[in-house]
Structure formats: structure tokens, C-alpha cells
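Using my numbering, the first residue of the sequence shown is number 51, and each one after it goes up by one.
We put the beta carbon where it would ideally sit given N, CA and C, even for glycine.
The structure appears below as C-alpha cells.
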Amino acid sequence: MTDRNQTAFRQRRSRARDWVRRSWNPGHSEQGDLDPPDDNAVVHCGWGRLLFGHTFDSAETLTEAIRAEAADERDIAVYLNDPHVLLAQAPEALFLDPSHTFRLDFQRYRPRRDRVPGLFVRRVRSSDDAAAVNQIYAKCGMIQVSRAFFLNHRVSRRIVHLVAIDEASGAVVGTVTGIDHALSFGDPERGSSLWCLAVDPQASLPGIGEVLVRHLIETFQTRGLAQIDLSVMHDNEQAIALYEKLGFERVPLFSVKYKNPINEKLYSAPAPEAQLNPYARIIINEARRRGIGVEIEDEDAGLFTLVHGGRRVACRESLSELTSAVAFSRCDDKAITSRLLKRQGFRVPEQREVTDDEDDEAFLETYGRIVVKPAKGEQGRGIAVDISDVDDMRRAIDAAYGVSDRVLLEEFCTGDDLRLIVIDHKLVAAAIRKPASLVGDGTSTVRTLIEKQSRRRAAATGGESRIPVDAETERCISLAGYGYDSVLPAGQHLAVRKTANLHTGGTIHDVTPILSPRLALAAEEASRALSIPLVGFDFLVPDPAADDYVIVEANERPGLANHEPQPTAERFVDMLFPHTIDRAARPGGQRMTEETRHAAAR
51 MTDRNQTAFR QRRSRARDWV RRSWNPGHSE QGDLDPPDDN AVVHCGWGRL LFGHTFDSAE
111 TLTEAIRAEA ADERDIAVYL NDPHVLLAQA PEALFLDPSH TFRLDFQRYR PRRDRVPGLF
171 VRRVRSSDDA AAVNQIYAKC GMIQVSRAFF LNHRVSRRIV HLVAIDEASG AVVGTVTGID
231 HALSFGDPER GSSLWCLAVD PQASLPGIGE VLVRHLIETF QTRGLAQIDL SVMHDNEQAI
291 ALYEKLGFER VPLFSVKYKN PINEKLYSAP APEAQLNPYA RIIINEARRR GIGVEIEDED
351 AGLFTLVHGG RRVACRESLS ELTSAVAFSR CDDKAITSRL LKRQGFRVPE QREVTDDEDD
411 EAFLETYGRI VVKPAKGEQG RGIAVDISDV DDMRRAIDAA YGVSDRVLLE EFCTGDDLRL
471 IVIDHKLVAA AIRKPASLVG DGTSTVRTLI EKQSRRRAAA TGGESRIPVD AETERCISLA
531 GYGYDSVLPA GQHLAVRKTA NLHTGGTIHD VTPILSPRLA LAAEEASRAL SIPLVGFDFL
591 VPDPAADDYV IVEANERPGL ANHEPQPTAE RFVDMLFPHT IDRAARPGGQ RMTEETRHAA
651 AR
């Protein structure tokens, strides 16, 4: 850069600082001149570095710093009034982040008068907290941070890691990180910033994000700081609505990032498969990562073909050509699945096909509590659970006939709904599925709470999960003594479905590390009994770490995206294209070894 250009850059930086002072702290003019911040200020946040662009002495220096980004991290150069100048230094390496910058002047902030029930916020304290935060990051597709980084900053005032805790369960359900600019680089404007706001997509408590943001704001406000900034993707409508509700305003400042695989989707044109659902997209992303070609056949149906060398494999989401038509039919018909597994010695509930006569009522009388479900169907459609009344049974049968021309009655078994993913006859992932439930706030009706939760679940799952407002939901609500127009008391939990399917608003919680080896072995042997290379089994278990079970169903096209961070897509592509496996980069992870499973089962 010439001396003339360097002088111009410094002048622009000076004007930017002056504008920032005026807009952030109008009272500063009465306090005298402010000392400039540290030069070339950089703060490492665990997932990468924040480079405070307005503190760098030249565009060349800032560009060189951005180019020093570490592998598997994501750096962000912030507070750039003239990002085009920076991009001109290295257009092949840098790109303009498609995010808006929002700022809240603490003089405009108004604290909430009431307390959100069921939640409290504190700092990250332990390795367990760090692991919980990373699980939320993984579910939200964010870069995970080393546990050591969290623990090293437990008492830091410069970097503040907060977690939201569900009072009832003690679980971490959200997290946010804040940076104190005054302590980080001597910021004379007494600023701060918010990063990594993430809420567990499975959480049923409302208002978690707002509680975390307010707590961070008030933490920095009590330190005498003047404002807080944040960066948010331009199309994240839910987050923008929250920030505007709290008084944030958009400001003309920009960010620049380094072109790397993590950021690729931000600077490259949308891929042809952009409109595919999450279950197809997770497989396609893994295939592309390995250099496997993808041919999209039908976006709406999730149909695509993977191509590598002379090998082609057609897929519909996780259903591939490797699953034979006969194996498909074994799982597609729930009655056949049950009979085949029972003959092989697996534990299954008693079952009969509806005949619309008094034998149906006799079955109900024998077992007292039953399940009514279509013989064929998926995504929980037409299933009614825990039926104990004849009239309810008849209504449920009519609803099930709307899905399939054959309907089954099944013995109701208690226990947690456990989904086991078996790929190539090896257990890959295990998760407990929980039915949709609400938590009251004392002012909203059940219908309003359902609508709010459905919006959150849809946003977290790419539109795949919503709570139906139908007769089955109404039945479950009425069993608890409420109606759609009832106001649910603050802190009151209400289960609004009996089935735990994701598509009817259910949530899914990974239990792979604690799964009983006997359950893993049962799932693997059941996959061999059905001769199916990829399957999702639904078990009912008293405890995923114990050995008791019944197998309820087998799904020939399970959603692999529901089980992150377990390597379901990786193992699926391993099976289809074993010659693309990078063994050095693919440790066994949390899966049990075959020897461990068989030893535990003996």
C-alpha cells in the first residue's frame, strides 16, 4: 500500500472512530478526549478470533491477520465501515459476511418486569456444562469449542459464557457468549458484543433466547458499559424480531470473513439441492465432502443419485438401492414386522388387525390400554396411544383408516420411546424421543402455546416438526383437564401428544453413550432378521442403560439428521461407497465395538 493510501486508510479509521463515539456515547463529548484502543486488537473466542477492524493501522495489516486463520476455525473481522477496501486486498480469499450489525444503547434498554418461569441463568461452571453447550452448538450446526477453553474462562470478565438452566430438569437449554470490549482491548467507547446465542432445538420452555440476551445485557450494564453489538444473518427473521423487540437498531457496520469450508455456503451460490429437506441434505453434504457427485431427481420427494467413478446409487433420503423391495415390505407393513420379529425370538407387543366386531372390544378389555395405528404409514400419522375407552378406540380406528386400509390394535407398553439407528448391521445412534409438551406462562392459552412452540420447532428442524392441532392433540389435552382455550398456569407442564414422533412436535435426545450393549445387540440382530441394511427401530424401554425392551416398529427410511452429532450420514455414505472412507479421520467415536456388545450380551 502506498503512503498516500495508508494515510487515507488512517483518516477513514479516524472518521469511523469519531462516528462510533458520537453514535454510541453522546455524553462522551463532556468527558474530554478518550484514549485510543489497543492497536490491531484480536480476541480469541474458542471457535475462532474476532479481529476489531477499526483498530488496525492499515487494510494490508488486517488482511494479513485474517489470512492467519487457524484450521477448523472461523475468524470474523468486525467494525468495518469500508469493507470494499479490505476485499480489494484479497478478493480470492475474503468475502463480505451476509449479516446485519445491530446495536443496543443501554440508555434505551428497558428490563423485563416479570420473571420467565422455569429458567435461571448462570455462568459455565464445569466440564459437563461445556459438553452440554457443545451439544447445543452441534444441534444448531455451529462450531464446537474445546472444553478447556470454557473452563479456562469460567471466571473471566473479558469473555462471559452464560447458560440457561431448566429448573425442573437441571438441563442446559441455551447459551450465549459476551465480549467486554473495554477489558479486551481498552475500547474507549465502553462497548461489548454478543456472540453464539443458541437454544436447544428440543427445549419446550418459551423465551429462553430472550432471557439469555437480557441477562448478558444487564451483566454488562452493571459494569458501566455503554452498549452491546451483535451480528445476525440477514434472513434470520426470528432472531431479528427478538433483537428489535429488545430495542436493538441496525447500524451501517460490516464484517468480513475468510473463505474456508465452514463458510462456503455463505459465499458460494446456492447448491441445486438447496430446497431439499434436512434428511436428504445431510447425506448430500457428506457425499460432496468426499468428492461424490450428486444428481438431484426430485427435490420434493428427496430423490437423488450419488455417483463416484463407475458406481451409482439411487436414494430417497436414507432409503437406498441397497434395501431390497422384499426388505422394504417387511418394514413397511407393521403387522409383518411384528410377526417376523416375534418368530425370531424378539420381544414385541401383542397385536391384532381390526375386524370391526366385538373381538376388537375384547382385545381392549384384555389389555386395558392399547395403541391404535395404521398397518402402513409413517411420521406418526393416524396413531393414537394409551386408549382405554371403547368410544375413543372407535374414533381412533376411524382416524387410522384415513391413513391405511388396514388398522392394527396393539398392547400398550410403558416405557421411553427409544429410536435406534442401525447401518450395515451396526448400531450407530440411539436417542430417546419425547412427546410434544408445553410449559405454561400464566397468560397464554394452550392454543397460543402450541402455535409458538410449533414455530420454534419448525425453525429448528427446517419445517419438519410441528404440533398438529387435531382431534388426537385435543384428546391428550382433555385427559389432563384442559382445552385449547385454557390458560396454562405458569410453570405447568402439559403433554399434548402421546406419540413421540418428530413430525408431530416430539423432541429427540441422544443417549448413545449410555445405551445398554444388550439393546444395541438386539437392534443389530433384528436388522439381520429383516435383512435390511439401514433401519430405524422403535423400542420401548424402562431405561436406555438397562436391558429390558419391546420392539414396536422398524422404519426403513429413518431421518438421519435427527441424530447429530452422531455420525449417521457418514456411516451411511461409508456403506454406499466404502472406498471413500478416510479411516484416519474417522475414529469409532461413541459407538460400541462389536466385542464390547457381544461380551455384554453374553
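Contact set for residue i: own chain, Cβ-Cβ below 6 Å, skip 5 residues either direction
i           : result
residue 223 : 214, 216, 250, 253 and 258
residue 609 : 329
residue 445 : none
residue 135 : 109
residue 528 : none
residue 550 : 467, 483, 484, 485 and 556
residue 202 : none
residue 115 : 101
residue 77  : A caution first: residue 77 carries a pLDDT of 35, below 50, which makes its placement in the model too unreliable to give a value.
Option nearest residue i by Cα separation, candidates the options
i           : options               : result
residue 354 : 327, 340 and 376      : 327
residue 208 : 242, 221 and 129      : 242
residue 165 : 406, 550, 265 and 414 : 265
residue 463 : 397, 457 and 482      : 397
residue 365 : 280, 619 and 159      : 619
residue 240 : 437, 230 and 299      : 230
residue 150 : 296, 576 and 281      : 281
residue 595 : 284, 580 and 560      : 560
residue 495 : 534, 544 and 510      : 534
residue 143 : 119, 309 and 245      : 309
residue 543 : 406, 488 and 292      : 488
residue 199 : 184, 96 and 359       : 96
residue 247 : 210, 584 and 471      : 210
residue 611 : 517, 471 and 626      : 471
residue 93  : 129, 235, 416 and 348 : 235
residue 290 : 567, 191, 260 and 276 : 260
Alpha-carbon to alpha-carbon, residue j and residue i
i           : j           : result
residue 357 : residue 370 : 13 Å
residue 233 : residue 168 : 33 Å
residue 6   : residue 108 : The shown model of the chain, from 51 to 652, leaves out residue 6, and the question about it has no answer.
residue 312 : residue 124 : 7 Å
residue 616 : residue 473 : 12 Å
residue 553 : residue 431 : 9 Å
residue 176 : residue 593 : 26 Å
residue 187 : residue 274 : 30 Å
residue 362 : residue 379 : 23 Å
residue 237 : residue 271 : 15 Å
residue 391 : residue 401 : 13 Å
residue 226 : residue 204 : 13 Å
residue 581 : residue 377 : 6 Å
residue 573 : residue 394 : 13 Å
residue 502 : residue 170 : 21 Å
residue 302 : residue 293 : 16 Å
residue 420 : residue 368 : 31 Å
residue 172 : residue 405 : 57 Å
residue 630 : residue 621 : 11 Å
residue 180 : residue 174 : 7 Å
residue 388 : residue 606 : 14 Å
Beta-bridge partners of residue i, as assigned by DSSP
i           : result
residue 277 : 155
residue 605 : 586
residue 37  : Examination of residue 37 is not possible in this model, given that the chain is present from 51 through 652 alone.
residue 283 : 149
residue 248 : 225
residue 299 : 153
Sequence-distant residues of the same chain with beta carbon closer than 7 Å to residue i, five excluded per side
i           : result
residue 112 : 101, 103, 106, 127 and 136
residue 146 : 133, 137, 304 and 306
residue 515 : 507, 508, 552, 553 and 555
residue 399 : 460, 461, 463, 600 and 602
residue 614 : 188 and 189
residue 158 : 297
residue 148 : 283, 284 and 316
residue 268 : 161
residue 450 : 422, 423, 424, 432 and 457
residue 299 : 152 and 153
residue 139 : 109, 110 and 113
Residues near residue i in its chain [Cβ-Cβ closer than 8 Å; skip 5 each side]
i           : result
residue 82  : Any reading at residue 82 must be qualified, since the residue scores a pLDDT of 34, below 50, and its modelled position is unreliable; no value is offered.
residue 426 : 382, 383, 384, 453, 454 and 456
residue 505 : 288
residue 341 : 358 and 630
3-residue-minimum beta strand (DSSP E) runs that sit fully inside the region 425-500, ordered along the chain: 434-437, 457-461, 466-473, 476-484 and 487-489
Problem - Inside the region 347-417 only - beta strand (DSSP E) runs reaching at least 3 residues - result: 353-358, 361-366 and 401-403
- Task: Pick out the complete alpha helix (DSSP H) segments inside the region 194-239, 4 residues or longer, and give them in chain order.
- Result: 197-202 and 231-235
Q.
What ranges does the alpha helix (DSSP H) occupy inside the region 504-537, keeping only unbroken runs of at least 4 residues that lie completely in it?
A. 521-529
Query raised in the report: Which runs of the beta strand (DSSP E) fall wholly inside the region 92-123 and span at least 3 residues, in chain order?
Result: 92-94 and 99-102
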